[in-house]
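Trainee:
In my numbering, the protein residues as written are 443 to 606.
(1) My assumption, with CB atoms under 8 Å, is that residue 601 sits in contact with residue 519. Please give the rounded CB distance.
(2) Classify residue 555: buried if its beta carbon has 16 or more other beta carbons within 10 angstroms, exposed otherwise.
(3) Between which two residues does the alpha helix (DSSP H) holding residue 534 run?
(4) Looking at residue 575: is its Cβ nearer than 8 Å to the Cβ of residue 596?
(5) Residues in its own chain within less than 6 Å of residue 463 by CB, not counting five upstream and five downstream?
(6) Helix, strand or coil: how does DSSP classify residue 522 here?
(7) So, with DSSP's three-state summary, where would you put residue 501?
(8) Relative to the C-alpha of residue 571, which residue among 584, 537, 509 and 446 is closest?
(9) From which residue to which residue does the alpha helix (DSSP H) around residue 598 run?
(10) Relative to the alpha-carbon of residue 475, which residue among 522, 514 and 599 has its alpha-carbon at the smallest distance?
(11) Report the three-state DSSP secondary structure of residue 445 (helix, strand or coil).
(12) State buried or exposed for residue 444, treating a residue as buried only when at least 16 other CB atoms are found within 10 Å of its CB.
(13) Kindly indicate which three-state DSSP category residue 586 falls into: helix, strand or coil?
If you want it as structure tokens, here you go:
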């Protein structure tokens with residue numbers, strides 16, 4: 443059983459991951475409304491991945507017989523100025539999540555909770571990938587500027603993403 447500090451941090455992050463899922467699903471809805479189904483598909487897959495992240499924390503807490511506190515999920519933004527604006531928001535959010543995971547790792551190491559450290563190692567690696575993926579799209583969108591043809595090309599490419 444984790445100590446109360448780690449338990450609280452894991453519950454907080456579990457709920458944050460549920461929010462992340464809602465955030466990406468809201469972005470998917472916005473992209474659908476913009477006629478960009480490939481961007482929407484990418485975001486839908488990401489939303490499901492974020493839910494899986496939440497369940498990793500849930501299952502860790504469950505397996506360690508800790509208290510599981512599922513809270514309310516706040517509403518996510520539903521409007522963006524452009525595809526770039528939405529993906530920049532996604533990238534910025536992933537940077538924030540990485541910082542939170544790093545804080546949790548610091549706490550787990552300080553508490554010598556090595557079971558928590560093992561789970562968090564996976565998340566540290568995952569966040570490197572999450573930041574790289576969202577940043578790659580941000581950089582592509584910055585390069586193309588207002589080019590509709592290039593935007594449609596990126597849309598088709600992103601639409602190929604499938605759940606792992």
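We treat Cβ as the ideally placed atom computed from N, Cα and C, and that holds for glycine.
Mentor: This is what the structure holds:
(1) Not confirmed; about 22 Å, so no contact.
(2) buried
(3) 525 to 552
(4) no
(5) 489, 492 and 493
(6) When secondary structure is reduced to three states using DSSP, residue 522 falls in the coil class, being assigned neither helix nor strand.
(7) helix
(8) 537
(9) Following the DSSP letters along the chain, one finds residue 598 inside the alpha helix (DSSP H) bounded by residues 590 to 600.
(10) 522
(11) Reduced to three states, the DSSP call for residue 445 is coil.
(12) buried
(13) helix
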